[in-house]
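*Asks:* These protein sequence lines are chains A and B, in that order.
The numbering used here applies: residue 9 is where the first sequence begins, and numbers increase by one.
The numbering used here applies: residue 6 is where the second sequence begins, and numbers increase by one.
Think of the CB as a built atom: it goes at the ideal place given N, C-alpha and C, for glycine as much as any other residue.
The structure displayed is predicted, hence computed values, not measured ones.
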Amino acid sequence: MDTTRLIIVAVGGQGNLLASKILGEAALLCNVPVSMSEIHGMAQRGGVVESALVFGDARSSIISDGEADVLVGFEPLETLRARKKCNPGTVVITNLAPVPPFTVAIGRGTYPDVEMIQNQIRTGISRLIAYDAVSLATEAGNVMAVNTVLLGSLIQTGILPLSSECVKQAIRTRVKKQFVESNLNAFEKGFLAAQRLT
Amino acid sequence: MHRLLTDKSGQKMLLLGNEAIARGAVEAGVGVSTTYPGTPSSEITLNFFQISRETDLYFEYSTNEKVALEVAAATANSGVRSMCVMKHVGMNVAADPLMTLAYVGVKGGLVIVTADDPAMFSSQNEQDNRYYGKFSGLPVLEPSSVQEAKDMTAYAFELSEMLQEPVILRTTTRLNHATGVVELGKINAPVVQGDFVRDPMNYVTVPAVSKKLHARLLTRLEKAKQISERCVWNFTQGSGAWGIVCNGVSYNYVSDAVSDLGIEAKVKVFRIGLSHPLPEATIKQFLKKCEKVLVVEEGEPLMEETIKAFAQEEKLPLTIAGKGENLFSRLYEYDPALVRKTIATFFDVAYEPAAPVDLSGIPELPQRPPNLCAGCSHRATFHAIKKAAEGMDIICPNDIGCYTLGFLPPLSMGDFLICMGSSIGTACGFSRVTGKKVIAVIGDSTFFHSGMAGLVNAVFNNHNFTLVILDNETTAMTGHQPNPGVDMKNLNMNGYGRVSIENIVRAIGVPHVSVIRPYHVRKSVETIKAALDFQGVSVIISREMCHLYARSIKKPGRGAFYVSEKCRNHRTCINELGCPAFSVTDGRVVIDPVMCTGCSVCAQICPEHAILPLKK
Numbered sequence: 009m010d011t012t013r014l015i016i017v018a019v020g021g022q023g024n025l026l027a028s029k030i031l032g033e034a035a036l037l038c039n040v041p042v043s044m045s046e047i048h049g050m051a052q053r054g055g056v057v058e059s060a061l062v063f064g065d066a067r068s069s070i071i072s073d074g075e076a077d078v079l080v081g082f083e084p085l086e087t088l089r090a091r092k093k094c095n096p097g098t099v100v101i102t103n104l105a106p107v108p109p110f111t112v113a114i115g116r117g118t119y120p121d122v123e124m125i126q127n128q129i130r131t132g133i134s135r136l137i138a139y140d141a142v143s144l145a146t147e148a149g150n151v152m153a154v155n156t157v158l159l160g161s162l163i164q165t166g167i168l169p170l171s172s173e174c175v176k177q178a179i180r181t182r183v184k185k186q187f188v189e190s191n192l193n194a195f196e197k198g199f200l201a202a203q204r205l206t
Numbered sequence: 006m007h008r009l010l011t012d013k014s015g016q017k018m019l020l021l022g023n024e025a026i027a028r029g030a031v032e033a034g035v036g037v038s039t040t041y042p043g044t045p046s047s048e049i050t051l052n053f054f055q056i057s058r059e060t061d062l063y064f065e066y067s068t069n070e071k072v073a074l075e076v077a078a079a080t081a082n083s084g085v086r087s088m089c090v091m092k093h094v095g096m097n098v099a100a101d102p103l104m105t106l107a108y109v110g111v112k113g114g115l116v117i118v119t120a121d122d123p124a125m126f127s128s129q130n131e132q133d134n135r136y137y138g139k140f141s142g143l144p145v146l147e148p149s150s151v152q153e154a155k156d157m158t159a160y161a162f163e164l165s166e167m168l169q170e171p172v173i174l175r176t177t178t179r180l181n182h183a184t185g186v187v188e189l190g191k192i193n194a195p196v197v198q199g200d201f202v203r204d205p206m207n208y209v210t211v212p213a214v215s216k217k218l219h220a221r222l223l224t225r226l227e228k229a230k231q232i233s234e235r236c237v238w239n240f241t242q243g244s245g246a247w248g249i250v251c252n253g254v255s256y257n258y259v260s261d262a263v264s265d266l267g268i269e270a271k272v273k274v275f276r277i278g279l280s281h282p283l284p285e286a287t288i289k290q291f292l293k294k295c296e297k298v299l300v301v302e303e304g305e306p307l308m309e310e311t312i313k314a315f316a317q318e319e320k321l322p323l324t325i326a327g328k329g330e331n332l333f334s335r336l337y338e339y340d341p342a343l344v345r346k347t348i349a350t351f352f353d354v355a356y357e358p359a360a361p362v363d364l365s366g367i368p369e370l371p372q373r374p375p376n377l378c379a380g381c382s383h384r385a386t387f388h389a390i391k392k393a394a395e396g397m398d399i400i401c402p403n404d405i406g407c408y409t410l411g412f413l414p415p416l417s418m419g420d421f422l423i424c425m426g427s428s429i430g431t432a433c434g435f436s437r438v439t440g441k442k443v444i445a446v447i448g449d450s451t452f453f454h455s456g457m458a459g460l461v462n463a464v465f466n467n468h469n470f471t472l473v474i475l476d477n478e479t480t481a482m483t484g485h486q487p488n489p490g491v492d493m494k495n496l497n498m499n500g501y502g503r504v505s506i507e508n509i510v511r512a513i514g515v516p517h518v519s520v521i522r523p524y525h526v527r528k529s530v531e532t533i534k535a536a537l538d539f540q541g542v543s544v545i546i547s548r549e550m551c552h553l554y555a556r557s558i559k560k561p562g563r564g565a566f567y568v569s570e571k572c573r574n575h576r577t578c579i580n581e582l583g584c585p586a587f588s589v590t591d592g593r594v595v596i597d598p599v600m601c602t603g604c605s606v607c608a609q610i611c612p613e614h615a616i617l618p619l620k621k
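1. What do you reckon, are the CB atoms on Ile545 of chain B and Val443 of chain B nearer than 9 Å?
2. Would you mind listing the alpha helix (DSSP H) stretches within the region 398-436 of chain B that are 4+ residues and don't spill past its ends, in chain order?
3. Please report how far the alpha carbon of Ile558 of chain B lies from the alpha carbon of His575 of chain B, in whole angstroms.
4. Can you round the beta-carbon distance between Asn403 of chain B and Cys433 of chain B to whole angstroms, since I take them to be within the 8 Å contact cut?
5. Output, in sequence order along the chain, the residues in the region 97-123 of chain A whose CB is closer than 8 Å to any CB in chain B.
6. Please give me, in chain order, every unbroken run of the alpha helix (DSSP H) with length at least 4 that falls completely inside the region 124-149 of chain A.
7. Listing by chain order, which chain A residues have their CB less than 7 Å from the CB of Gln55 of chain B?
8. In terms of residues, what are the limits of the alpha helix (DSSP H) holding Phe315 of chain B?
9. Can you tell which of B:Pro322, B:Leu332, B:Cys236 and B:Glu296 has the C-alpha that lies nearest to the C-alpha of Ala286 of chain B?
10. Can you tell me whether DSSP reads Asp476 of chain B as helix, strand or coil?
11. Hey, could you find the ends of the alpha helix (DSSP H) Pro84 of chain A is sitting in?
12. Taking the alpha carbon of Ala445 of chain B as the reference point, which residue from B:Gly430, B:Thr439 and B:Val438 has its own alpha carbon closest?
13. In the DSSP assignment, what residue or residues form a beta bridge with His281 of chain B?
14. Please confirm whether Asp363 of chain B has its beta-carbon closer than 9 Å to some beta-carbon of chain A.
15. For chain B, is any of its Cβ atoms less than 9 Å away from the one on Gly95 of chain A?
16. If you measure from the beta carbon of Gln128 of chain A to each beta carbon in chain B, is any gap under 9 Å?
17. Considering only their Cβ atoms, is the gap separating Leu174 of chain B from Ala183 of chain B smaller than 9 Å?
18. Taking 9 Å as the CB-CB cut-off, is Arg180 of chain A touching chain B?
19. Please report the distance separating the alpha-carbon of Val62 of chain A from that of Pro41 of chain A.
20. Is the CB-CB distance between Ser280 of chain B and Arg179 of chain B below 9 Å?
21. Check each residue of the region 56-74 of chain A: if its Cβ is closer than 8 Å to any Cβ of chain B, include it; give the result in chain order.
22. Using 8 Å as the cut-off, can you tell me whether the region 61-69 of chain B makes contact with the region 479-496 of chain B, which would need three or more C-beta pairs spanning the two stretches below that distance?
23. Comparing alpha-carbon positions, which option in B:Asp265, B:Phe201, B:Glu170 and B:Asp12 lies nearest Thr105 of chain B?
24. Are at least three pairs of beta-carbons, each pair with one atom in the region 184-191 of chain B and one in the region 77-95 of chain B, less than 8 Å apart?
25. So with CB distances below 7 Å, who are the chain B contacts of Gly32 of chain A?
26. Can we say the region 407-427 of chain B touches the region 366-377 of chain B, given the rule of at least three CB pairs closer than 8 Å?
27. Flag this pair as yes or no: are the beta carbons of Lys587 of chain B and Ile579 of chain B separated by less than 9 Å?
28. What's the C-alpha gap between Gly484 of chain B and His454 of chain B?
29. Does the region 108-116 of chain B come close enough to the region 240-251 of chain B that 3 or more CB-CB pairs lie under 8 Å?
30. Within its chain, find whatever has a CB closer than 7 Å to the CB of Ser233 of chain B; leave out the 5 residues flanking it on each side and keep chain order.
31. Under a CB-based cut-off of 9 Å, is Cys15 of chain A close to chain B?
32. Relative to chain B, which residues along the region 81-95 of chain A have a C-beta separation below 8 Å, given in chain order?
33. Beta-carbon of Leu475 of chain B versus every beta-carbon of chain A: anything under 9 Å?
34. Are the beta-carbon atoms of Pro96 of chain A and Gly132 of chain A separated by less than 9 Å?
35. So, is Thr39 of chain B buried or exposed, given that buried needs 16 or more other C-beta atoms within 10 angstroms?
36. Within 9 Å (strictly less), CB to CB, does Leu36 of chain A reach chain B?
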């Protein structure tokens, strides 16, 4: 089976690890070989959290620079920072709502212009799907569901060997009961957003 | 029921490497587990902690790794399968009992897990703990995948009982925090009670006994070598004349590289899973069939040096390499592209590396360093210390925990740090020779771990410094594990004692002890000033529960604050505290009400008293 490599980058607290778990669980349900790697480190303290997911027959669970087939960024600045993982064939999906690093929030650095970020990401990759995932999560009834919104878009692209149904099933088992409905809504919104942007 | 207790052999489950290790131990019928928490090992014992509440498994968070190993040494020698878990640097703390326990051996299986951290994602160094196997004479197992992490853990107990020696299970972050599909095995019912049969001539390591035991260890090591020769974890793949020897996660990168480069027919891979003692005869056979050999191992050239020695003994003229110019480094962790490139270089395979993406258009991006949480009591304490020490030339030895982050601006508190507990020991030295005011900081868990001994030293030798013990009533950095000062009733758990830091400090004989509540800014500053004025050892215990922990045990929170119209933009709040709940929007300071925990420290230091509680 061909190998598909996915990088997810996020800021601590945005639900990166849960998103990875959902995809891993979906792969298990769909009988797709998967290996994943996370760096937990200081996630809760505002740092960057990166997950690597390798679907298919490769043994490595990490992804070298230039070797991601898909990059999903939960935060625009971090998506741009992770662009070194991309190559001309990479598809990038990113949330456009910034989470300014603390250094910026207190005026000791400047958050780059989001338009510039988009243009930089778009350069030298195959396709960029970018939108405000926080608004869509809010519309879906759960501002915390940015992660599942982006998963919706990721599955819509068809790059991963995972069906929508498997991922939804994984959401039902991995997300806390009271949030399942809003996360499924969020997934749908992300799916449609990617369709619209095609 | 805890999902790692699922008794369905053959079922597949998605597990974190650390969960797989815990599951492997459960399948092996582990009866006792001990640890001191440390990333990347923490989730192994988090699972044991939870499992122990549903089963007969005895689990404890010990005060440090030395104690953890001593507890496990006793239970294993009473015939109970035991597991002792730590991060790599924890092994240094446990090294004292480890070296002699190897002489004494065990009756029931004892598995010591060391989680190494190449590239130092959350550690102070990247020491390669395979040396502890060689150093102590104990077998070392190194899994490459999550499935193997489970299977090898279960096997490690068998190996331990076969040899009557502890077995070291050595992992790296990339395995501990990898996730993969694992096929479950059968759970063996744990044996949790045993018996210790007195036999002082084999257990009490006075010189006469140890002389005999060391010889016995070498015999057991010889037996381990025989096992290593025919062990399923040491295997060869392929039949080409180019040899690659690898271990742990490196095996994954090697496998992918060989297939990516299309050199399957030319390469023979020797994957080492039982890495100490190395299977000498098998490796010599392997070398004889190779034209040249590349050793792929993260960290130190441990296998490389031994394999070169094997070749020398056999008078084999082939090239064997690993670390070196254009080859591998002793620094950091490897990745698939690096391993692919190095294999191509070494064997001279035509290979077109992917052109690096053009990043030239990207301006310098603002960094996103980790930060003390909004409302963290340590921020308040550091601020109070700075205020109290204003105008003084101070040295601040810091220690290991969340509060290490206090070394970052704007707090900038933290001048020296080498290991757990070192703030107090080094404070003794700094104060003795510099003539500066020394203010050491240490957390509650770290104080119990190894800070206490330093404080005893300070009192006895009459050193002159101030120690601030940051007591947030949990071990916050690694995920809120309990320590001896924690009130376990907060977790609805009975049957635990509780040790008072204040009583310890007084009992040690510290002549000047005070307790502050760091959210009370002015009072805290005054109390610290008094301590700084004292000649000799003074201790301040700064007590305020970690608010993330408080939230997790559902303690009532405080209301958020906001910046009112009275704000004249001094920005004292931002410039002195650096709380992440603050930001500057359109030139004005604002507080994010979702992040604000209502600690009110900013409100107390605002010169205009412009920061006020939000009305509910």
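*Replies:* Once the coordinates are examined:
1. Sequence index remark: in the second sequence, residue 545 of chain B carries index 540 (1-based). Sequence index remark: in the second sequence, residue 443 of chain B carries index 438 (1-based). No.
2. Listed in chain order, there is nothing to give.
3. For the purposes of this step, residue 558 of chain B is taken as the residue at position 553 of the second sequence. For the purposes of this step, residue 575 of chain B is taken as the residue at position 570 of the second sequence. Rounded to the nearest whole angstrom, the CA to CA distance from Ile558 of chain B to His575 of chain B is 37 Å.
4. Locating residue 403 of chain B in the second sequence gives position 398, where the first residue counts as 1. Locating residue 433 of chain B in the second sequence gives position 428, where the first residue counts as 1. Their Cβ separation, rounded to whole angstroms, is 15 Å, which puts Asn403 of chain B and Cys433 of chain B out of contact at 8 Å.
5. Against chain B - using a Cβ distance shorter than 8 Å - the residues of the region 97-123 of chain A are Pro108, Pro109, Phe110, Thr111, Val112, Ala113, Ile114, Gly115, Gly117, Thr118, Tyr119 and Pro120.
6. If only uninterrupted alpha helix (DSSP H) runs of at least 4 residues are considered, those enclosed by the region 124-149 of chain A are 141-147.
7. In the second sequence, the residue the question calls residue 55 of chain B occupies position 50. Chain A residues near Gln55 of chain B: none, gap ~17 Å exceeds 7 Å.
8. Translated into positions along the second sequence, residue 315 of chain B becomes position 310. Leu307 to Glu318 is the extent of the alpha helix (DSSP H) around Phe315 of chain B.
9. Position 281 of the second sequence holds residue 286 of chain B. When only C-alpha atoms are compared, the closest one is B:Cys236.
10. As a first step, residue 476 of chain B must be located in the second sequence, where it is residue number 471. Asp476 of chain B carries a strand assignment under DSSP once its states are collapsed to helix, strand and coil.
11. By one-based count along the first sequence, residue 84 of chain A stands at place 76. Taken as a continuous stretch (DSSP letters only), the alpha helix (DSSP H) holding Pro84 of chain A covers Pro84 to Arg89.
12. Taking the first residue of the second sequence as position 1, residue 445 of chain B is located at position 440. Ranking the options by Cα distance to Ala445 of chain B, first place goes to B:Gly430.
13. Taking the first residue of the second sequence as position 1, residue 281 of chain B is located at position 276. DSSP lists B:Val145 as partners of His281 of chain B.
14. On the second sequence, position 358 is the one that residue 363 of chain B refers to. Chain A contact via Cβ: present.
15. In the first sequence, residue 95 of chain A corresponds to position 87, counting from 1. In the sequence on display, residue 95 of chain A carries Asn and not Gly. Asn95 of chain A belongs to the set of residues whose beta carbon lies under 9 Å from a beta carbon in chain B.
16. On the first sequence, residue 128 of chain A is found 120 positions in, with the first residue counted as 1. With 9 Å as the cut-off, Gln128 of chain A counts as an interface residue toward chain B.
17. Looking up residue 183 of chain B in the second sequence gives position 178. Looking up residue 174 of chain B in the second sequence gives position 169. Cβ atoms of Ala183 of chain B and Leu174 of chain B: not closer than 9 Å.
18. Position 172 of the first sequence, counted from the first residue, corresponds to residue 180 of chain A. Any Cβ of chain B closer than 9 Å to the Cβ of Arg180 of chain A would place that residue at the interface, and such an atom is absent.
19. For the purposes of this step, residue 62 of chain A is taken as the residue at position 54 of the first sequence. For the purposes of this step, residue 41 of chain A is taken as the residue at position 33 of the first sequence. Cα to Cα, Val62 of chain A sits roughly 8 Å from Pro41 of chain A.
20. Locating residue 280 of chain B in the second sequence gives position 275, where the first residue counts as 1. Locating residue 179 of chain B in the second sequence gives position 174, where the first residue counts as 1. It is not a contact, given that the beta carbons lie outside the stated cut-off.
21. Residues of the region 56-74 of chain A with a C-beta less than 8 Å from any C-beta of chain B: Val56, Ala66, Arg67, Ser68, Ser69, Ile70, Ile71, Ser72, Asp73 and Gly74, listed in chain order.
22. Three or more Cβ pairs drawn from the region 61-69 of chain B and the region 479-496 of chain B lie within less than 8 Å of each other, which places the two stretches in contact.
23. Position 100 of the second sequence, counted from the start, is the residue given in the question as residue 105 of chain B. Selected option, being the one with the closest Cα: B:Glu170.
24. Taking 8 Å as the limit for Cβ pairs, the verdict is that the region 77-95 of chain B does not touch the region 184-191 of chain B.
25. In the first sequence, residue 32 of chain A corresponds to position 24, counting from 1. Chain B residues near Gly32 of chain A: Leu19 and Thr184.
26. Touching, yes.
27. As a first step, residue 587 of chain B is located in the second sequence; it is residue number 582 there, counting from the start. As a first step, residue 579 of chain B is located in the second sequence; it is residue number 574 there, counting from the start. According to the sequence provided, residue 587 of chain B is Phe. The question's Lys does not apply to it. When the beta-carbon positions are compared, Phe587 of chain B and Ile579 of chain B come within less than 9 Å of each other.
28. In the second sequence, the residue the question calls residue 484 of chain B occupies position 479. In the second sequence, the residue the question calls residue 454 of chain B occupies position 449. When rounded, the distance between both Cα atoms is 16 Å.
29. In short, these stretches do not touch, since the Cβ pair count stays below three.
30. In the second sequence, residue 233 of chain B corresponds to position 228, counting from 1. These residues qualify, in order along the chain: Asn239, Leu279, Pro282, Leu283 and Pro284.
31. One-based indexing of the first sequence puts residue 15 of chain A at position 7. Here residue 15 of chain A turns out to be Ile, not Cys, going by the sequence shown. Cβ-Cβ to chain B under 9 Å: no for Ile15 of chain A.
32. Those residues of the region 81-95 of chain A that come within reach of chain B (Cβ to Cβ, closer than 8 Å) are Leu85, Glu86, Leu88, Arg89, Arg91, Lys92, Cys94 and Asn95.
33. As a working mapping, residue 475 of chain B is identified with position 470 in the second sequence. So, not an interface residue.
34. Here residue 96 of chain A is taken as the residue at index 88 of the first sequence, counted from 1. Here residue 132 of chain A is taken as the residue at index 124 of the first sequence, counted from 1. In this structure, Pro96 of chain A sits near Gly132 of chain A, with a CB-CB distance shorter than 9 Å.
35. Indexing the second sequence from 1 puts residue 39 of chain B at position 34. Result: buried.
36. As a working note, residue 36 of chain A is residue 28 in the first sequence. For Leu36 of chain A, the nearest CB of chain B lies under 9 Å from its own CB, placing it at the interface with that chain.
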